[in-house]
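Peer 1:
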Amino acid sequence: MTLPTPTARREAPNPLMERAAALRGSGGMAAVRGVAPVLVALAVGLLLHFAIAPQLPEFYPRVILDIGINVILAVSLTMVNGFTGQFSMGHAAFMAVGAYTAATLVYYGSARLMGTADFASARAHAGVLSTMLQGREAAFFTLGDGIFIVALLAGGIAAAVCGYLVGLPSLRLRGDYLAIVTLGFGEIVRVIIQSQTTDTLYDVEVIKATPWPKLMRYMGGPVGFTGLPSYTSLFWVWSLTVVTLVVAFRLKVSTFGRAFLSIREDEIAAEAMGVRTTTYKVRAFVIAAFFAGIAGGLYAHTIGIQLNAGELAFMKSFDIIIMVVLGGMGSISGAAIAAGILTVLPEALRRPPPVDLPWFLLVMAAAWVAALLLIRRPKWWLIAVTALGAAYAWWQQPTLASPLMFWTVAGSGVLILLFAGRRVPGLIGLAIAVTCYIGVRSAAERAGIKLSDYRMVLYALALILMMILRPQGFFGVRELWTAWRVQPLHPRRSRAEGGESGTAGRVPTA
Amino acid sequence: MTRIPSQPGPALLDVRGISISFGGLRAVQDFNLTLPGGRLHGLIGPNGAGKTTVFNLLTGVYAPDTGTIDLGGAPLDGLKPSARAAAGLARTFQNIRLFPDLSVLDNVRIACHLRTTGSMAGAMLRSASNLGQERAILERARELLAMFDLLDRQHEDSRGLPYGDQRRLEIARALATGPKALLLDEPAAGMNPQEKVELRGLIRSVMERFHVAILLIEHDMGVVMDICERITVLDYGRTIAEGTPAEVQRDPRVIAAYLGDPADPATGE
Ligand SMILES: Nc1ncnc2c1ncn2[C@@H]1O[C@H](COP(=O)(O)OP(=O)(O)O)[C@@H](O)[C@H]1O
Ligand SMILES: [Mg+2]
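Quick look at the structure:
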């Protein structure tokens, strides 16, 4: 077989790039554009770490931290499942690779470089930017911080390399193969980690005497990696979250992002238009794995976390997939919002429902009305039913916080999503779904049913409903700031029209 | 009207003896084609004759069992469709294959991608050259849309376009790849008579402005006979005739092939 010389193609004049050279931006502004996101990231991190977190009740900073990690995970998975339309089911495995790589480097690296018995104590070795521990005297930047950052990066790179090795063979094949291969990869990662020795070395002298390849076997195996220093702080998490968001968004609106999306839209057409689909699928996969690895490193060093591969198995991947699907396949802001909601919900489930907040009901009602009016043909009967139900509830018990009122509002929300789910603008749909859920739950709680016991069932049910009623997710491929637009009604093209066979029969003859 | 002489110039697209079978079905047998630069060649034949399969072979969707394909003197054999697009071969699809959930503008911008040379890191940092590239792509895409009267719908999702607009958007998108040869698979299908007339003018102006050679599959004989310089007729995967429209129309085998297929508009119109 004769391969064409690539130079033969390169030599041809390229008018597009000639034009691009003439339209170049200025170098100074380019520097600003390059540095600005880093500054914003640092600002957000510093603000949360120093200004906001100390003001909040004890429990909240930790939830904000978890949100950040989940946003990184969901947004990175969006690049694969949302942008390129490939279905990866092993995102948590890349998280695990990053987590264990970072953990090993931080733990044993600290032991070797510090050489003191308290090498694994974040209280002793973290700088002011690290850890969630409050009221601590510390240097601005320490050796511990340095090790942590390098380890995070190494975790990301290790995950990216795994992503390349997994992605290259499987992404050549059709979509379903990737799902199976990533699923298998996740199990392999888990089994490899859990089949290591159960010990973690803690004696500095022993660690120093043990060579690195051997040290890597002491990751706690099935017991979990114990005694990791908890360097992770709101500063690191949210700085990196902002970086992830900026990278994802800039990619999406660039020519590369459009290449990703074209694969999802129609792989054959994308190839025909010159998009090297395999290359771009692998690239998206590697970038996603990198950020998942970073998130894993952050997760591993979070206070109160006992790093265990069992926690980063399929169920975790599934959680991330739900965030992406819910947010909208391809929507970065959608995935981020969904990550936030799904992180807060389980926590909120543990506390008493906000039944005493009439304003909350008013927000719901506003969303209802907006949804009902914004769709092309307002569903007057739905509005009437809701109004009648609310009036009846009020007549029975003149308060907004009665169980009957909740059932009315929640029931109306379900009806809206059932009958107009496809057409309600993303944000309003999301508001309805969330408030609907809280409404149902509040009412159930009052009736003595603990819905939190059925969390997974509800999750699954919500997902099934979502797939049926709004397969594009809440935002589809749009972002938050364009999602207010009403989804246009698409006349569904008939099979005959789309068929590959001749179209002669359909052509109107004059 | 000027027809090309029987001896064509140096071939841009040179196809020699390609064949493919699907199971026992010989979809295309020993197909030959010499398409000089800047010329318009028609490919006709009854339904299921193998015309679309020829396009799929040329663009690398299928690998031929035998035969070779050269574009501008360089062999395309074994290349992926994307590499063939980079080499200068663009196409449209009989069953429209736009990127449905993306805007009209993005559909065209995606096709500009293969002529870009920037790096992904540049896009993440929004470097000066990346910005220039994005601007150039936008300008180019807008120019093409303006030429195809689609500029005022640039922000609409492409799936919402009327049928005729979708077909024209496919041509605009194919041109955005910067092709030397353009393969059009039934571009007039589903268009109304008015749009068909406009399409003829459009195809002519595309050839003039972009200096592309066109291989055109079309059922509408009015369009084919009017604008094609030469025509190849397929039937059951075989080439049964090749020549100028006048020659082909007189060919007894062509007449027989079409009479054998009464559902075809060649006889219906
Ligand atoms: N991928 C395929 N697998 C099996 N048969 C195919 C395939 N593609 C095309 N064919 C068959 O090849 C023949 C030619 O099809 P096609 O090229 O689409 O015809 P047309 O001339 O109408 O465009 C048809 O009989 C079709 O069923
Ligand atoms: Mg066909």
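Which chain is which? The protein sequence lines are A and B, in order.
With my numbering applied, the first sequence corresponds to residues 1 to 510, in that order.
With my numbering applied, the second sequence corresponds to residues 511 to 779, in that order.
Glycine included, each C-beta is placed from N, C-alpha and C at the ideal position.
It should be emphasised that the depicted structure is a prediction, and the values quoted were computed from it without experimental measurement.
Using three-state DSSP, classify Arg9(A) as helix, strand or coil.
Peer 2: By one-based count along the first sequence, residue 9(A) stands at place 9. With a pLDDT of 44 at Arg9(A), under the threshold of 50, the predicted position of this residue should be treated as unreliable, though the coordinate-derived value follows. The three-state reading of DSSP puts Arg9(A) in helix, counting H, G and I together.
Peer 1: Below 8 angstroms on C-beta distance, what does Asp203(A) contact in chain B?
Peer 2: Stepping through the first sequence from its first residue, residue 203(A) is reached at position 203. Within chain B, no residue comes near Asp203(A); the closest Cβ sits about 43 angstroms away, beyond 8 angstroms.
Peer 1: When you get a sec, list the residues whose CB is within less than 5 angstroms of any heavy atom of ligand 1, chain order please.
Peer 2: Here the residues come out as Gly502(A), Phe532(B), Ala537(B), Asn557(B), Gly558(B), Ala559(B), Gly560(B), Lys561(B), Thr562(B), Thr563(B).
Peer 1: Rounded to whole angstroms, what is the Cα-Cα separation between Met657(B) and Thr687(B)?
Peer 2: Locating residue 657(B) in the second sequence gives position 147, counting from the first residue. Locating residue 687(B) in the second sequence gives position 177, counting from the first residue. Approximately 15 angstroms between the Cα atoms of the pair.
Peer 1: Along chain B, in chain order, which residues have C-beta atoms closer than 7 angstroms to that of Ala21(A)?
Peer 2: Looking up residue 21(A) in the first sequence gives position 21. Near Ala21(A) (Cβ distances below 7 angstroms), the residues of chain B are Gly642.
Peer 1: Taking CB distances under 7 angstroms as the criterion, tell me whether His623(B) reaches chain A.
Peer 2: In the second sequence, residue 623(B) corresponds to position 113, counting from 1. Yes - at least one Cβ of chain A is within 7 angstroms of the one on His623(B).
Peer 1: Spell out the partners DSSP gives Pro556(B) in its beta bridges.
Peer 2: Residue mapping note: residue 556(B) aligns to position 46 of the second sequence, counting from 1. DSSP lists no partner for Pro556(B).
Peer 1: Name, please, each residue of chain A whose Cβ falls closer than 7 angstroms to the Cβ of Met634(B).
Peer 2: To locate residue 634(B), count along the second sequence from 1; it is residue 124. Here the neighbours are Val247, Arg250, Leu251.
Peer 1: Counting only the same chain and skipping the five closest in sequence on each side, list residues whose C-beta sits under 8 angstroms from that of Ile207(A).
Peer 2: Position 207 of the first sequence, counted from the first residue, corresponds to residue 207(A). Closer than 8 angstroms at Cβ, skipping near neighbours: Tyr108, Ala111, Arg112, Leu201, Leu215.
Peer 1: Assuming Ala159(A) and Phe290(A) form a contact by the criterion Cβ under 8 angstroms, report the distance between their Cβ atoms to the nearest whole angstrom.
Peer 2: Your numbering for residue 159(A) matches position 159 in the first sequence. Your numbering for residue 290(A) matches position 290 in the first sequence. Yes, Ala159(A) and Phe290(A) are in contact; Cβ-Cβ is about 6 angstroms, under 8 angstroms.
Peer 1: Tell me whether Val743(B) sits in a helix, a strand or coil according to DSSP, three-state version.
Peer 2: Mapped onto the second sequence, residue 743(B) falls at position 233. In this structure, Val743(B) counts as strand in the three-state DSSP scheme.
Peer 1: So what does DSSP say about His729(B), is it helix, strand or coil?
Peer 2: Here residue 729(B) is taken as the residue at index 219 of the second sequence, counted from 1. Correct three-state label for His729(B): coil.
Peer 1: Going by DSSP, name the residue or residues bridged to Gly780(B).
Peer 2: Shown here, chain B extends from 511 to 779; a query on residue 780(B) therefore has no answer.
Peer 1: Could you tell me the distance, in whole angstroms, from the CA atom of Leu489(A) to the CA atom of Gly670(B)?
Peer 2: For the purposes of this step, residue 489(A) is identified with residue 489 of the first sequence, where counting begins at 1. For the purposes of this step, residue 670(B) is identified with residue 160 of the second sequence, where counting begins at 1. Confidence at Leu489(A) is low in this model, with a pLDDT of 39, below 50, so its placement is unreliable and the value that follows should be read with caution. Taking the straight line joining both Cα atoms gives about 8 angstroms.
Peer 1: Is the CB-CB distance between Gln604(B) and Ala20(A) below 7 angstroms?
Peer 2: In the second sequence, counting from the first residue as 1, residue 604(B) sits at position 94. In the first sequence, counting from the first residue as 1, residue 20(A) sits at position 20. No.
Peer 1: With distances taken between CB atoms, is the gap from Ala295(A) to Leu73(A) smaller than 7 angstroms?
Peer 2: By 1-based counting over the first sequence, the position of residue 295(A) is 295. By 1-based counting over the first sequence, the position of residue 73(A) is 73. It is a contact, given that the beta carbons lie within the stated cut-off.
Peer 1: Which class does Ser233(A) belong to by DSSP, given the choice of helix, strand or coil?
Peer 2: Position 233 of the first sequence, counting from 1, holds the residue named residue 233(A). Ser233(A) falls in the coil class under three-state DSSP.
Peer 1: Taking 7 angstroms as the CB-CB limit, is Arg33(A) close to chain B?
Peer 2: What you label residue 33(A) is simply residue 33 of the first sequence in a count that begins at 1. Closer than 7 angstroms to some Cβ of chain B, the Cβ of Arg33(A) qualifies, so yes.
Peer 1: With a threshold of 6 angstroms (Cβ to nearest heavy atom), would Gln604(B) be considered close to ligand 2?
Peer 2: As a working mapping, residue 604(B) is identified with position 94 in the second sequence. Yes, the beta carbon of Gln604(B) sits closer than 6 angstroms to at least one heavy atom of ligand 2.
Peer 1: Given a threshold of 16 other Cβ atoms within 10 Å of its Cβ, counted over all protein chains shown, does Met602(B) qualify as buried or as exposed?
Peer 2: By 1-based counting over the second sequence, the position of residue 602(B) is 92. The question names Met, but residue 602(B) is Thr in the sequence shown. Buried.
Peer 1: Taking C-beta to C-beta, are Leu553(B) and Thr754(B) nearer than 7 angstroms?
Peer 2: The sequence position of residue 553(B) within the second sequence is 43, counting from 1. The sequence position of residue 754(B) within the second sequence is 244, counting from 1. Not a contact, by the Cβ cut-off of 7 angstroms.
Peer 1: Answer with yes or no whether the minimum CB distance from Phe256(A) to chain B is below 7 angstroms.
Peer 2: In the first sequence, residue 256(A) corresponds to position 256, counting from 1. It does; some Cβ of chain B falls within 7 angstroms.
Peer 1: I'd like to confirm the pairing. Which residues does DSSP put opposite Asp580(B) in its beta bridges?
Peer 2: Residue mapping note: residue 580(B) aligns to position 70 of the second sequence, counting from 1. In DSSP, Asp580(B) forms a bridge with Asp524(B), Pro585(B).
Peer 1: Please determine, among Ala41(A), Gly45(A), Ser233(A), the residue with the shortest C-alpha to C-alpha distance to Ile305(A).
Peer 2: Start at 1 with the first residue of the first sequence, and residue 305(A) comes out as number 305. The option with the nearest alpha carbon to Ile305(A) is Ser233(A).
Peer 1: With DSSP as the reference, label Asn702(B) as helix, strand or coil.
Peer 2: Here residue 702(B) refers to the residue found at position 192 when the second sequence is read from its first residue. Coil, per DSSP.
Peer 1: Identify the contact partners of Ile268(A) in chain B, using a Cβ-Cβ distance below 9 angstroms as the criterion.
Peer 2: Start at 1 with the first residue of the first sequence, and residue 268(A) comes out as number 268. Under the 9 angstroms cutoff, chain B gives Val571, Pro591, Phe603, Arg607.
Peer 1: Report yes if the CB atom of Val275(A) is closer than 7 angstroms to the CB atom of Leu168(A), and no otherwise.
Peer 2: In the first sequence, the residue the question calls residue 275(A) occupies position 275. In the first sequence, the residue the question calls residue 168(A) occupies position 168. No, Cβ-Cβ distance for Val275(A) and Leu168(A) is not below 7 angstroms.
Peer 1: Rounded to whole angstroms, what's the CA-CA distance from Asp662(B) to Val716(B)? Just pull it up for me.
Peer 2: Within the second sequence, residue 662(B) is the residue found at index 152, counting from 1. Within the second sequence, residue 716(B) is the residue found at index 206, counting from 1. Each residue's Cα considered, the two are about 20 angstroms apart.
Peer 1: Looking only at C-alpha atoms, which of Val161(A), Gln396(A), Arg217(A), Ala36(A) sits nearest to Phe285(A)?
Peer 2: Taking the first residue of the first sequence as position 1, residue 285(A) is located at position 285. Checking every option, the nearest Cα to that of Phe285(A) belongs to Val161(A).
Peer 1: Run through chain B and tell me which residues come within less than 7 angstroms of Glu271(A), C-beta to C-beta.
Peer 2: Counting from 1 along the first sequence, the entry for residue 271(A) is found at position 271. Lys590, Pro591, Ser592, listed in chain order.
Peer 1: Does Thr399(A) pass the burial test, meaning 16 or more other C-beta atoms within 10 Å, or should it be called exposed?
Peer 2: As a first step, residue 399(A) must be located in the first sequence, where it is residue number 399. Exposed: under 16 other Cβ atoms inside 10 Å.
Peer 1: Cβ closer than 9 angstroms: which chain B residues qualify as neighbours of Ala93(A)?
Peer 2: The residue you call residue 93(A) lines up with position 93 of the first sequence. Going along chain B, no residue has its Cβ under 9 angstroms from Ala93(A), so there is no contact; the nearest lies around 24 angstroms.
Peer 1: Which chain A residues sit within Cβ distance under 9 angstroms of Arg760(B)?
Peer 2: For this step, residue 760(B) is matched to residue 250 along the second sequence. In chain order: nothing, as chain A lies at least about 23 angstroms away.
Peer 1: Just mark Gln539(B) as buried or exposed, buried being the case when its beta carbon has 16 or more other beta carbons within 10 Å.
Peer 2: The residue given as residue 539(B) occupies position 29 in the second sequence. By the neighbour-count rule (16 or more Cβ atoms within 10 Å), Gln539(B) is buried.
Peer 1: What are the residues that DSSP puts in a beta bridge with Ser613(B)?
Peer 2: Position 103 of the second sequence, counted from the first residue, corresponds to residue 613(B). Its beta-bridge partners are Asp667(B).
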